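Engineer: Residue numbers (the numbering used here): 20 to 529.
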Ligand SMILES: CC(=O)SCCNC(=O)CCNC(=O)[C@H](O)C(C)(C)COP(=O)(O)OP(=O)(O)OC[C@H]1O[C@@H](n2cnc3c(N)ncnc32)[C@H](O)[C@@H]1OP(=O)(O)O
Ligand SMILES: CC(C)C(=O)C(=O)O
Ligand SMILES: [Mg+2]
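1) Which residues in the same chain as residue 455 place their Cβ atom closer than 7 angstroms to its Cβ, once the five residues preceding and following it in sequence are excluded?
2) Helix, strand or coil: which one does DSSP assign to residue 70?
3) Looking at residue 115: is its Cβ nearer than 9 angstroms to the Cβ of residue 160?
4) Give the straight-line distance between the Cα atoms of residue 516 and residue 74, rounded to the nearest whole angstrom.
5) With distances taken Cα to Cα, identify the nearest neighbour of residue 389 among 337, 418, 80.
6) Could you tell me which of 195, 153, 162 sits nearest to residue 177, measuring between CA atoms?
7) Cα separation between residue 253 and residue 99?
8) Can you tell me whether residue 401 is buried or exposed, with buried defined as 16 or more other CB within 10 angstroms of its CB?
9) Suppose contacts are defined by Cβ-Cβ distances below 9 angstroms. Is residue 286 in contact with residue 266 by that definition?
10) When every heavy atom of ligand 1 is checked, does at least one fall within less than 8 angstroms of the C-beta of residue 130?
11) What are the uninterrupted segments assigned as alpha helix (DSSP H) that are 4 or more residues long and contained completely in the stretch 370–434, given in chain order?
12) Could you check whether residue 158 and residue 119 sit closer than 9 angstroms to each other, using their CB atoms as the reference points?
13) Mind checking who residue 171 pairs with in its DSSP beta bridge?
14) What did DSSP end up calling residue 341 once you bin it into helix, strand or coil?
15) Mapping the DSSP letters down to three states, classify residue 439 as helix, strand or coil.
16) Classify residue 468 as helix, strand or coil using the three-state DSSP reduction.
17) For the alpha helix (DSSP H) containing residue 448, list its first residue and its last residue.
18) Any idea if residue 299 is buried or exposed, counting beta-carbon neighbours within 10 angstroms, 16 or more meaning buried?
19) Any heavy atom of ligand 2 closer than 8 angstroms to the beta-carbon of residue 185?
20) Roughly how many whole angstroms lie between the Cα atoms of residue 529 and residue 111?
21) Less than 9 angstroms between the beta carbons of residue 29 and residue 246, yes or no?
22) If residue 422 sits next to residue 429, beta carbons under 8 angstroms apart, how far is it from one beta carbon to the other, in whole angstroms?
23) Does the distance between the C-beta of residue 65 and the nearest non-hydrogen atom of ligand 1 fall short of 8 angstroms?
24) Give me the Cα-Cα distance between residue 445 and residue 452, rounded to the nearest whole angstrom.
25) Nearest-angstrom Cα distance between residue 409 and residue 507?
26) Quick one: using the 10 Å Cβ neighbour count with 16 as the cut-off for buried, is residue 181 buried or exposed?
27) Can you tell me whether residue 249 is helix, strand or coil according to DSSP?
28) Here's the rule I'm using: 16 or more other beta-carbon atoms within 10 Å means buried, otherwise exposed. How should residue 521 be labelled?
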C-alpha cells in the first residue's frame, strides 16, 4: 500500500477564491485544524503578495508544529527572500517556487523563450536551496506544456535540488487519462524516483478530483488541493473527496493517506464558516445531504442494512450522532463534555462565557443542536480585540412607513456610540445606523442569509461581504433573530476591516 502525502493549499489557492479574504487569526485557526487533520504540508500563503500575507505565513509558521509550512513565491529573488523571512520560525519549512512552462504562458504572460524559462527555473531552485532543504518547484500550466520540454524542465530542477516537482493542471483542462499519462512519462525522467511528484488540479471542467486520482495511478506521490474544493475560479481538487476515494477504494488504488479522517467534518465546517463559502447540500463527503436518504426504497434498504446505499459511514469522517442532548436544564459539565465531543478547545474563561451564551440561547430555543453550539462558540469567542461590539439594536418597521433603526455599539475602550438612521428596508436602516456609529465608509457587496438548523426557532446565520478600497472582508453573525444576526455580521466585518488595515502596515517579521 502506497502512502500519498497531502499538501493543503486552502490558505493560499483557496483564498484565491473570488471574494474570500481570511484574516491572520482565522488562518492560524484553520492551520491548527489542518494540523489536527494530519496534512503533511500546509501552504500558508504567498508571503510576497502583501505585508498581511507575510504576517499570516509567519504566524502560522510559529504556531503549527507537526505539519511543514510552505510559502509560495514567484521565480523572483525578492519573493523568495520574503518567504524566507516569514518562514524563519517554522519547525519545518518549505519554499514553493513556481514558473509557467506552457507555450501560452511563455508567449503571452512571461514573454520568455523555452531556454529562458528553463534557465530561470534552475536559477530559482538553486537560489531557494540556499535557504531551504525542502524546495518544491511547480511548472505552472504544466498540463498544457509540450511533454518533451516539461521533461527537460523537470530533469533540470531535480538536478538543481528540487525535492518536490509539482505538475499543475492550472486551468482544469485535462481529462483523467491524459493527466495520468503525463505522470507515467515523467516517472521516466532521471532522478524522478528520488523526489516527490505532485499533482495540483483545478475544477474548471469538474474533473479535479478524478484527475488527481488519475495522477496517483500514474505515479504521483503527493496530492494538492483544498478543503471543500474552494479556490481560484471553479476551485481546486477537494482534499476530503480525494482522501475518501482512496480510503473507500483501497482495494483499487492500493494507496492511502495519513489523514485523520474523523477530523474532516470539523475542518470542512470551519473552512466554510471562516471563508463564507457555503458547502452545497449535495457536495460529496461533507454536504448536508451526503448521508441523507430521502426516498422510500432507499430508506427501506438502509434500515435493513446501511451498506445497501451508503459507501461511507458518516462517523468515519466525523459526523457524530447526537450522544448528549443539550437544553435548558443542562449544566456546565454536560456543556463542557459536548465541547470536547465537538473538538472545541477553550480556556476556562471562554467556557464560562460560552456557557452563559448557551443559557441565553436555551431561553429562546427548545432544542440546542451541535450546529447551534458550534455557531455560538464561533460567534461569542473573540478572536482578537474587537473594535466594536453590538450592545443593542432597535427597529421601527411598518409596511407603509420608512424603517428606522437605532444601534448602540460598545467600543474596545469601553465607550459607547449610539446612532439612528432610516433606510430602504430593515437591514438597510440597521447598516446605515452602524455606518454612522463606526464612522467607517464601507460598501456592502454581498449579503447571504440561511438557517443553521431547522424549525421556527432555528438560528439564523448571516454572511456579509464589505469592501473598503482594496480591502474585501466577510463577516458572520448568528442569532435566533435574523436582524440581530445581520447587525452582528456587519459589525464583525467592519472590525475585520480595521484589523486588516492594521495588518497591512509594514511589520517586522522575526
Ligand atoms: C496559478 C496561481 O495560482 S499563481 C499564484 C497567483 N496568486 C496571486 O497572484 C496572488 C498574489 N499576487 C500578488 O499579490 C501580485 O500579483 C504580486 C505582488 C505577486 C505581483 O504584483 P505586481 O508586481 O503588481 O505584478 P502583477 O501581478 O501585475 O504581474 C505579475 C508579474 O509577475 C510575472 N510573473 C508571473 N508569474 C511569475 C513567476 N512564476 N515568476 C516570475 N515572474 C512571474 C508576470 O509576468 C508579471 O510580470 P511583468 O510585470 O514583468 O509583466
Ligand atoms: C502556483 C501553482 C501551483 C498553482 O496554483 C497552479 O498552477 O494552479
Ligand atoms: Mg492552483
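Note that the Cβ used here is the ideal one computed from N, Cα and C, for glycine as well.
From a predicted model like this one, the values you see are computed outputs, not experimental measurements.
Structural biologist: Let me lay it out:
1) Here residue 455 refers to the residue found at position 436 of the chain shown. Cβ within range, chain order: 438, 440.
2) In the chain shown, counting from the first residue as 1, residue 70 sits at position 51. Correct three-state label for residue 70: helix.
3) Mapped onto the chain shown, residue 115 falls at position 96. Mapped onto the chain shown, residue 160 falls at position 141. In terms of Cβ geometry, residue 115 and residue 160 do not form a close pair [threshold 9 angstroms].
4) Along the chain shown, read from residue 1 onward, the residue named residue 516 stands at position 497. Along the chain shown, read from residue 1 onward, the residue named residue 74 stands at position 55. Cα to Cα, residue 516 sits roughly 16 angstroms from residue 74.
5) Residue mapping note: residue 389 aligns to position 370 of the chain shown, counting from 1. It is 337.
6) The residue given as residue 177 occupies position 158 in the chain shown. Residue 177 has its Cα closest to that of 153, out of 195, 153, 162.
7) The count along the chain shown starts at 1 and reaches residue 253 at position 234. The count along the chain shown starts at 1 and reaches residue 99 at position 80. Rounded to whole angstroms, residue 253 to residue 99 spans 28 angstroms at the Cα level.
8) Position 382 of the chain shown, counting from 1, holds the residue named residue 401. Any reading at residue 401 must be qualified, since the residue scores a pLDDT of 42, below 50, and its modelled position is unreliable; the value itself is stated next. Exposed: under 16 other Cβ atoms inside 10 Å.
9) What you label residue 286 is simply residue 267 of the chain shown in a count that begins at 1. What you label residue 266 is simply residue 247 of the chain shown in a count that begins at 1. Cβ distance not < 9 angstroms, so residue 286 and residue 266 don't count as in contact.
10) Locating residue 130 in the chain shown gives position 111, counting from the first residue. Taking 8 angstroms as the cut-off, the C-beta of residue 130 counts as close to a heavy atom of ligand 1.
11) 389–399
12) Translated into positions along the chain shown, residue 119 becomes position 100. Translated into positions along the chain shown, residue 158 becomes position 139. A contact, by the Cβ cut-off of 9 angstroms.
13) Position 152 of the chain shown holds residue 171. Partner(s): none; residue 171 has no beta bridge.
14) Locating residue 341 in the chain shown gives position 322, where the first residue counts as 1. Reliability of the predicted coordinates at residue 341 is poor, the pLDDT of 49 falling under 50, and the value obtained from them is presented with this limitation in mind. Coil, per DSSP.
15) As a working mapping, residue 439 is identified with position 420 in the chain shown. Note: residue 439 maps to strand in three-state DSSP.
16) In the chain shown, counting from the first residue as 1, residue 468 sits at position 449. Correct three-state label for residue 468: strand.
17) For the purposes of this step, residue 448 is taken as the residue at position 429 of the chain shown. Element bounds for residue 448: 445–457.
18) Taking the chain shown and counting its residues from 1, one reaches residue 299 at position 280. With fewer than 16 Cβ atoms within 10 Å of its Cβ, residue 299 is classed as exposed.
19) On the chain shown, position 166 is the one that residue 185 refers to. Correct: residue 185 has its Cβ closer than 8 angstroms to ligand 2.
20) Position 510 of the chain shown, counted from the start, is the residue given in the question as residue 529. Position 92 of the chain shown, counted from the start, is the residue given in the question as residue 111. Confidence in residue 529 is poor, its pLDDT being 39 and thus under 50, which makes the residue's placement unreliable; the coordinate value appears in the next sentence. Residue 529 and residue 111: Cα-Cα distance of roughly 16 angstroms.
21) What you label residue 29 is simply residue 10 of the chain shown in a count that begins at 1. What you label residue 246 is simply residue 227 of the chain shown in a count that begins at 1. Yes, the pair counts as a contact, with Cβ atoms nearer than the cut-off.
22) Within the chain shown, residue 422 is the residue found at index 403, counting from 1. Within the chain shown, residue 429 is the residue found at index 410, counting from 1. That pair is no contact at about 24 angstroms.
23) Residue mapping note: residue 65 aligns to position 46 of the chain shown, counting from 1. Correct: residue 65 has its Cβ closer than 8 angstroms to ligand 1.
24) Mapped onto the chain shown, residue 445 falls at position 426. Mapped onto the chain shown, residue 452 falls at position 433. For residue 445 and residue 452, the distance between alpha carbons rounds to 11 angstroms.
25) Within the chain shown, numbered from 1, the residue matching residue 409 stands at position 390. Within the chain shown, numbered from 1, the residue matching residue 507 stands at position 488. Distance between the alpha carbons of residue 409 and residue 507 is about 7 angstroms.
26) Looking up residue 181 in the chain shown gives position 162. Buried, because 16 or more other Cβ atoms sit within 10 Å of the Cβ of residue 181.
27) Sequence index remark: in the chain shown, residue 249 carries index 230 (1-based). Note: residue 249 maps to coil in three-state DSSP.
28) Sequence index remark: in the chain shown, residue 521 carries index 502 (1-based). Residue 521 comes out exposed.
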